[in-house]
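Using the working numbering, you'd call the opening residue of the sequence shown number 161 and step up by one each time. A virtual CB, placed ideally from N, CA and C, is assigned to each residue, including glycine. Fair warning: this is a prediction, and the values are worked out from it, not measured in the lab.
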Amino acid sequence: MRLIGHLCQICQKEERIIILRLQWYLLVLLLQNTRALVCAASSLQSQVLTTQMPLGVLLTNRHYRSMPTHGIGKYRHLLPKALPKKKKERVQAKQIKAATATEFGVFNVCVSGYDMTLVEHYSQYIHNLCNHLDIRVDESCALPTKSTEVMVMQEQGTKMYVDAVLKTHERIVQISEMKATLFPIFMEVILKNQPEGVRLCLKQHTEADYQARFKTRPELEGLLAKINN
Numbered sequence: 161m162r163l164i165g166h167l168c169q170i171c172q173k174e175e176r177i178i179i180l181r182l183q184w185y186l187l188v189l190l191l192q193n194t195r196a197l198v199c200a201a202s203s204l205q206s207q208v209l210t211t212q213m214p215l216g217v218l219l220t221n222r223h224y225r226s227m228p229t230h231g232i233g234k235y236r237h238l239l240p241k242a243l244p245k246k247k248k249e250r251v252q253a254k255q256i257k258a259a260t261a262t263e264f265g266v267f268n269v270c271v272s273g274y275d276m277t278l279v280e281h282y283s284q285y286i287h288n289l290c291n292h293l294d295i296r297v298d299e300s301c302a303l304p305t306k307s308t309e310v311m312v313m314q315e316q317g318t319k320m321y322v323d324a325v326l327k328t329h330e331r332i333v334q335i336s337e338m339k340a341t342l343f344p345i346f347m348e349v350i351l352k353n354q355p356e357g358v359r360l361c362l363k364q365h366t367e368a369d370y371q372a373r374f375k376t377r378p379e380l381e382g383l384l385a386k387i388n389n
């Protein structure tokens, strides 16, 4: 029995050796075939590159060039038609609303001062307060900056020289349709929060206030006067 078991083990080892040899042989054949294919492809590539073929044959040899496209790729018909540009109309003054028994008319809250930061922040505060109290703000704009020269006379002499130039910045918050019962509350709040060095003024809006927003052009006005005369 021991002899038979020993013989069986020897047979199994030989079978494994034979299987390993067959696998190795197949692997060698596969590597040889791939090497042959690579060599053949490289030789064909070298032949194509060495032969002088016209460039047009390589680039235009496409079968779909002769086929109809039926407008494929065109997009201009999908775009909306461009409307003619309209000329900018001249800005015209709006009609001023009159006051009623329970509501104020159109009035301006004018904020002015020498410090532009304070003036700008205070006008923004008034605008935000109006939005919070549901007060209608028609417009919030800035007026042209005004420069004031401070002249000083010498102690012993009559000539004057410029000592300083003060720039006055002004902002306007235009309010309309404010209720008469809300006006005292609005004034009390903005007066309590008025910063130092900032002037506050309330006045009824007129057409002259609208024209004051624009800078004057004396040269253009002189030419227009000559043409009209």
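Could you name the residues of the same chain whose beta carbon sits closer than 6 Å to that of residue i, not counting the 5 residues immediately before and after it, in chain order?
| i | result |
| --- | --- |
| F264 | M338 |
| D323 | V310, V312 |
| E148 | The structure shown does not extend to residue 148, since the chain is modelled only from 161 through 389, so no value can be given for it. |
Quick one: residues in its chain with C-beta nearer than 8 Å to the C-beta of residue i, no 5 flanking neighbours on either side, listed in chain order?
| i | result |
| --- | --- |
| V358 | V271, S272, G273, D275, L278, V279, Y282 |
What three-state label does DSSP hand residue i in the structure shown?
| i | result |
| --- | --- |
| K352 | helix |
| D369 | helix |
| L243 | coil |
| A324 | strand |
| Q314 | coil |
| T194 | helix |
Is residue i buried or exposed, if buried means 16 or more other CB atoms sit within 10 Å of its CB?
| i | result |
| --- | --- |
| H365 | buried |
| M213 | Confidence in M213 is poor, its pLDDT being 49 and thus under 50, which makes the residue's placement unreliable; the coordinate value appears in the next sentence. Looking at its Cβ environment, which holds fewer than 16 other Cβ atoms inside 10 Å, M213 is exposed. |
| V208 | For V208, the predicted model reports a pLDDT of 47, less than 50, meaning its position is unreliable; a value from the coordinates is still stated below. Counting Cβ neighbours within 10 Å, V208 comes out exposed, since fewer than 16 surround it. |
| H329 | buried |
| I295 | buried |
Flag this pair as yes or no: are the beta carbons of residue i and residue j separated by less than 9 Å?
| i | j | result |
| --- | --- | --- |
| I390 | V269 | Outside the shown range of the chain (161 to 389) lies residue 390, about which nothing can therefore be said. |
| V310 | V297 | no |
| L360 | Q354 | yes |
| T262 | A340 | yes |
Quick check on residue i - is its C-beta less than 9 Å from some C-beta in chain B?
| i | result |
| --- | --- |
| L189 | The question asks about chain B, but that chain is absent: this structure has only one protein chain. |
Please return the same chain residues whose Cβ sits closer than 7 Å to the Cβ of residue i, not counting the five positions on each side in sequence.
| i | result |
| --- | --- |
| Q183 | none |
Evaluate the contact criterion for the region 289 to 308 versus the region 327 to 336: three or more CB pairs, one atom per stretch, below 8 Å.
Touching, yes, given that three or more Cβ pairs across the two stretches are closer than 8 Å.
Using a Cβ distance threshold of 8 Å, determine whether the region 299 to 313 contacts the region 369 to 376, with at least three qualifying pairs required.
yes
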